[in-house]
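Have a look at the structure below, then the notes.
Residue numbers (UniProt numbering): 1 to 1181.
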């Protein structure tokens, strides 16, 4: 792309149209100071979108317009055209030539044109963005720009690298995104505030709209049900009215019947009460007998239980005896068997003894032939030894037998002693339990006597309370029925008053709109209080005026009339308190009236109103006289010349002028004042009746509570009595059981103690026998030693004497020893036989005793079975009698319940008949009132149908779909309650809520969109930052390398470099320039001389051009601070780059001029107006 031309018209000092054509190469602009050279550079920057007035050396933007001179008037606009050759599409614009125009007018309006098409400043800036040709780019070096490079902060130097890197567009887009983000955040905050405010409005409006919809829905239902109510009430009241007319005759007949029925019912009631008392006595007698039988049954059950326990004890003893007998029989069998074995052993030993004696006799015969004397001695000694051996064996056997017997006795004693201790403890425990139970039984007997007395007294008290409760309940029901009727009547009147039934349509509409129209006091009937005796006269005197509406002022009256007119709700008469004037009778007429007989008073004096409303009464009733009767009224009217309105207490009227009004309808209707009087009277009566009913109800509840408490107390006493009876019987049973257990425990204890004594005695005897046997054994052992020594000695002699008889002697000795052993064994067997015989006898005796005891137990068991059978039979009889009595008592209680019901029915019937008789009298008196009420209700309902719905009864009946008036009224009450609960309803809230909700929904969606946009902006900014970092880093490396390479070439030596102040943050890091001219040390740019700094800045420019060539560069006296040598280098480098870049140079230096291809001279021949002269140096050459 090439710069073709620059056209200036009215821009600063260029008042005339001036066109500067630019050729390839170097174009220099020269001229004296102040001639307007720099205005050309400023025009170029201005057309490229410069917005800084200060950088254009002005105070405001219109200062760039030619301001005039001594000979020329100021111009009204300035225009600059920049023509570019874009055939290489350097600019992203679909045209070979690009013409940029900027105009500004004196009034401050300006415009940009791109190829004669209006565009925005932003479009121009974006067109040159990242091309290196922007208004702030390094390609346009204005005066002071070189100085600003080395005076600027490191962060400010980033812009040159960013322009080369092509990230300014990203930065601007990021700034724009940040701006949009701030705006989005602001919008979000504003939207959030608005949404919050709308939410705060929306929720109450939502509730109000819901209430309004509920109100409209309920009001529509209310009107529909109210129409049904009117139709049903008219039909029902019509039927009631017809029925009332028939009631009089019916009541007379009922009175006659009631009198006869009341007398008959009273006699019947007395008879039923007498029968009830007889039945109560019989029930009490049967219940007493039943209690006795229950006790007897429990006693029999106790005896039965005791007998069964005794049987269990005997069974246990029997089982023990059977087991013991079995052991004894087994022991007897074993002893008998041992006895037979011992007898067989004795026979065998006796045979062996006979054989041994025969052998000994033979051996002795042989021995006598050889040394009879020694042998006899030896034999005697040996015989003695055998005897001693036998004695020794016997003693040892006896010791063993005694030890075995003692061990058995010791084991039996060891087993029996704890049993005895346990038996004694059991006896002691049973004695203590028996004593305790006997004491409890005595205490319960005493308490039972006292409880029986208390039970009879409490039963009598319960019966009395029951009668009081029945009587009080009847009174309460009667009072509640009367109160309910009064409330229903009062509710009807209140409903009439609330709905303003009986009023004209317009009056009713105004009274219902009290809340909407402040200042409405009420109808005349509402503001006045009239004594009951004057109500008919006052209402007759007022007539239709009773429905006139009292308001505070005329303005309120006008507003009310406007409301009725707009809504088309009818007409009404208003009485403004601020303009109404009182009316009164003259003093003469008052004197005549006061002196006349039968005068009740002036009407306005007979009613009560608030002081501020007295003027209304004076206006309405100040000239009306109330008279006692018509005769006295006509007499007074004649004396007053028929000039005063008079009304009698019966409602007759004498009008001024003499006309009379009077008479009565068949259907006597109640007016508004009569309804109000009746309502007030009913409210007072209801309050009194409510207090009475509350008192009666409180009394009834108290009596019920007393009866409940008394019944509970009676039940507790009866339960306590039954519990005591059960406890008494249980204790008696426990006494009997403990006595049996004590008896058997004592028997066990005594038996075991006897056995212990027997065992101890046997143990003593055994100890004595053991001592005797031990002494005998000791003596025998000593003798045995002596005899053995003698035998040894004599045998030695005998051996010397006769060695031949040694064998015989040995045989004889062996035989004799065998005989001694046999004899000893025979004696031992004999002893054992004797012991076994004794054991057999003892076991036989024990078995006989056990069998006798077992037989006795069987006899006792048969007796117990008979006793149990008798007890069971007696118990069955008692239980049968109890069942019969319970059934009888149950029947009697049912009869009593029937009698209770009969008595209650008789009493209720008697009271009903009495009440009916009284009610009949009352009903006769109330028939006329009821008839009047029905007529009033019918009239009001028909009027309401006509006025509220514009329907006749027949038409309304056709529209009605309901049949149950109770359901209709209930639904009306619920609907009215629902409408009342809604309170004041804002019907406009429905549309307002829809509007607010629509806006709230829209803004909520907008808020969601803004949040999405915010997230997208933040994402875009992050992506931009990433791209900027990468491009800035790459470009910085290239520019830094080029700067480092070019510096020594331009300076003729030295070195320089670009340094990042914060390499870790490529978005915010600054650029520091360090340079070392030849012969100096490396230092920062700020420490260099002015020429060094300028040349360093120019070196940086060339480095940037080396990395990123641009179509043209504008230099405004950039080399001013250089010396001639450096200017030459500067010019040479311009030449080196002029093939790729156009240079437009404003200079005063010769070296630069010499290097130029085209030179323009700027002169100011005319004061304040610049002119241009061009010279082509190539053509001159």
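Beta carbons: idealized from backbone N, C-alpha and C, even for Gly.
Exercise for review: Determine, using beta carbons only, whether residue 979 and residue 503 come nearer to each other than 8 Å.
Suggested key: Start at 1 with the first residue of the chain shown, and residue 979 comes out as number 979. Start at 1 with the first residue of the chain shown, and residue 503 comes out as number 503. No; because the gap between Cβ atoms is not below 8 Å, this pair is not in contact.
**Study point:** Among 1068, 1040 and 1153, the one whose alpha carbon lies nearest that of residue 1108
**Key:** Mapped onto the chain shown, residue 1108 falls at position 1108. Closest by alpha carbon: 1040.
**Study point:** Same chain, Cβ closer than 8 Å to residue 1063, neighbours up to 5 away in sequence not counted
**Key:** Locating residue 1063 in the chain shown gives position 1063, where the first residue counts as 1. Annotation for residue 1063: 1069 place their beta carbon closer than 8 Å to its own, counting only its chain and skipping 5 residues before and after.
Exercise for review: May I have the straight-line CA-CA distance separating residue 1043 from residue 1105, to the nearest angstrom?
Suggested key: Against the chain shown, residue 1043 aligns to sequence position 1043. Against the chain shown, residue 1105 aligns to sequence position 1105. Each residue's alpha carbon lies about 10 Å from the other.
Exercise for review: Keeping to the same chain, check which residues put their C-beta closer than 6 Å to that of residue 89; ignore five residues upstream and five downstream.
Suggested key: What you label residue 89 is simply residue 89 of the chain shown in a count that begins at 1. Cβ within range, chain order: n/a, list empty.
Exercise for review: Compute the distance between the beta-carbons of residue 633 and residue 646, then report whether it is under 8 Å.
Suggested key: Residue 633 sits at position 633 when you count from the first residue of the chain shown. Residue 646 sits at position 646 when you count from the first residue of the chain shown. In this structure, residue 646 lies closer than 8 Å to residue 633 by Cβ.
Check your understanding: From residue 226 to residue 538, what does the alpha carbon distance come to, in whole angstroms?
Key -> On the chain shown, residue 226 is found 226 positions in, with the first residue counted as 1. On the chain shown, residue 538 is found 538 positions in, with the first residue counted as 1. Near 32 Å, if we compare the C-alpha coordinates of residue 538 and residue 226.
Check your understanding: Using DSSP with H/G/I as helix, E/B as strand and the rest coil, what is residue 3?
Key -> Stepping through the chain shown from its first residue, residue 3 is reached at position 3. Residue 3: strand per DSSP, three-state reduction.
Exercise for review: Report the residue from 581, 586, 638 and 623 whose alpha carbon sits nearest the alpha carbon of residue 613.
Suggested key: Position 613 of the chain shown, counted from the start, is the residue given in the question as residue 613. For the residues 581, 586, 638 and 623, the minimum Cα distance to residue 613 belongs to 581.
**Study point:** CA-to-CA distance, residue 637 to residue 643, given in whole angstroms
**Key:** Against the chain shown, residue 643 aligns to sequence position 643. Against the chain shown, residue 637 aligns to sequence position 637. So the two alpha carbons sit approximately 7 Å from each other.
Exercise for review: Can you tell me which of the three DSSP states residue 966 falls into?
Suggested key: The count along the chain shown starts at 1 and reaches residue 966 at position 966. DSSP places residue 966 in helix when its eight states are reduced to three.
Check your understanding: For residue 9, which residues does DSSP report across the bridge?
Key -> Within the chain shown, residue 9 is the residue found at index 9, counting from 1. Partner(s): 79.
Review point. Using the C-alpha atoms, what's the distance from residue 1090 back to residue 1191?
Key: This structure gives no information on residue 1191, because the portion of the chain shown stretches from 1 to 1181.
Review point. In terms of residue numbering, what span does the beta strand (DSSP E) encompassing residue 1057 cover?
Key: Here the question's residue 1057 lines up with position 1057 in the chain shown. Bounds of the beta strand (DSSP E) holding residue 1057 are 1055-1060.
Point to revise | Anticipated Cβ contact below 8 Å, residue 1184 with residue 766, distance rounded | key: Absent from the model: residue 1184. The displayed extent of the chain is 1 to 1181, so no value can be given.
Exercise for review: Have a look at residue 343 and residue 376 and give me their C-alpha separation to the nearest angstrom.
Suggested key: Here the question's residue 343 lines up with position 343 in the chain shown. Here the question's residue 376 lines up with position 376 in the chain shown. CA-to-CA, the gap between residue 343 and residue 376 works out to about 35 Å.
Practice item. Assuming residue 525 contacts residue 546 (C-beta within less than 8 Å), just tell me the rounded distance between them. Key: By one-based count along the chain shown, residue 525 stands at place 525. By one-based count along the chain shown, residue 546 stands at place 546. The C-beta distance from residue 525 to residue 546 rounds to 5 Å, short enough to meet the 8 Å contact threshold.
Exercise for review: Reducing DSSP to helix, strand and coil, say where residue 587 ends up.
Suggested key: Indexing the chain shown from 1 puts residue 587 at position 587. In the three-state scheme derived from DSSP, where H, G and I count as helix and E and B as strand, residue 587 is classed as helix.
Check your understanding: If you scan the stretch 1092-1175 from start to end, which runs of the alpha helix (DSSP H) of 4 or more residues do you find wholly inside it?
Key -> If you keep only unbroken alpha helix (DSSP H) runs of at least 4 residues inside the stretch 1092-1175, you get 1124-1137 and 1150-1155.
Review point. How many Å lie between residue 551 and residue 982 at the Cα?
Key: Start at 1 with the first residue of the chain shown, and residue 551 comes out as number 551. Start at 1 with the first residue of the chain shown, and residue 982 comes out as number 982. Take the alpha-carbon of residue 551 and the one of residue 982: they are about 27 Å apart.
**Study point:** Cβ-Cβ distance between residue 121 and residue 1158 below 8 Å
**Key:** Working through the chain shown from its first residue, we reach residue 121 at position 121. Working through the chain shown from its first residue, we reach residue 1158 at position 1158. In this structure, residue 1158 does not lie closer than 8 Å to residue 121 by Cβ.
Practice item. Pick helix, strand or coil for residue 51, following the three-state DSSP scheme. Key: For the purposes of this step, residue 51 is taken as the residue at position 51 of the chain shown. Residue 51 falls in the coil class under three-state DSSP.
Check your understanding: Given 8 Å as the limit, is there contact between the stretch 720-731 and the stretch 416-423, that is, 3 or more CB pairs closer than that?
Key -> Flag = no, the stretch 720-731 and the stretch 416-423 do not touch.
Check your understanding: So, residue 483 versus residue 690, is the Cβ gap smaller than 8 Å?
Key -> If you number the chain shown from 1, residue 483 lands on position 483. If you number the chain shown from 1, residue 690 lands on position 690. Yes.
Practice item. Grab me the residues of residue 1268's own chain with a C-beta within less than 8 Å of its C-beta, minus the 5 sequence neighbours each way, in chain order. Key: No information on residue 1268 is available, as it lies outside the stretch 1 to 1181 that the chain covers here.
Check your understanding: Where does the unbroken alpha helix (DSSP H) through residue 551 begin, and where does it stop?
Key -> For this step, residue 551 is matched to residue 551 along the chain shown. Here residue 551 belongs to no alpha helix (DSSP H); instead the beta strand (DSSP E) covers 549-551.
Review point. Can you tell which of 36, 1101 and 819 has its C-alpha closest to the C-alpha of residue 57?
Key: Position 57 of the chain shown holds residue 57. Selected option, being the one with the closest Cα: 36.
Check your understanding: Grouping DSSP H, G and I as helix and E and B as strand, with all else coil, what is residue 568?
Key -> Along the chain shown, one-based indexing puts residue 568 at 568. Note: residue 568 maps to coil in three-state DSSP.
Point to revise | From 471, 1155, 189 and 986, residue whose alpha carbon lies closest to that of residue 701 | key: Position 701 of the chain shown holds residue 701. Out of 471, 1155, 189 and 986, 471 has the C-alpha closest to the C-alpha of residue 701.
Point to revise | Candidates 626, 2 and 30, of which the one nearest residue 1162 by Cα | key: As a working mapping, residue 1162 is identified with position 1162 in the chain shown. Of the listed residues, the one whose Cα sits closest to residue 1162 is 30.
Practice item. Kindly identify the DSSP beta-bridge partner or partners of residue 105. Key: On the chain shown, position 105 is the one that residue 105 refers to. Residue pairing of residue 105 in beta bridges, as defined by DSSP: 77.
Review point. For residue 407, does the three-state DSSP call read helix, strand or coil?
Key: Taking the chain shown and counting its residues from 1, the one referred to as residue 407 is at position 407. Looking at residue 407 - three-state DSSP - the assignment turns out to be helix.
Practice item. Note down the Cα distance separating residue 1148 from residue 1117, rounded to an integer number of angstroms. Key: Here the question's residue 1148 lines up with position 1148 in the chain shown. Here the question's residue 1117 lines up with position 1117 in the chain shown. Each residue's alpha carbon lies about 7 Å from the other.
Exercise for review: Please name the residue, chosen from 592, 515 and 618, that lies closest to residue 603 on a Cα-to-Cα basis.
Suggested key: Taking the first residue of the chain shown as position 1, residue 603 is located at position 603. Among 592, 515 and 618, the Cα nearest to that of residue 603 is on 618.
Review point. Sorted by chain position, which residues of the same chain lie with C-beta nearer than 7 Å to residue 889's C-beta, five sequence neighbours on each side aside?
Key: Locating residue 889 in the chain shown gives position 889, counting from the first residue. Contacts found: 283, 286, 287 and 290.
Check your understanding: For residue 1145 versus residue 28, is the C-beta spacing smaller than 8 Å?
Key -> Mapped onto the chain shown, residue 1145 falls at position 1145. Mapped onto the chain shown, residue 28 falls at position 28. A Cβ-Cβ contact shorter than 8 Å links residue 1145 with residue 28.
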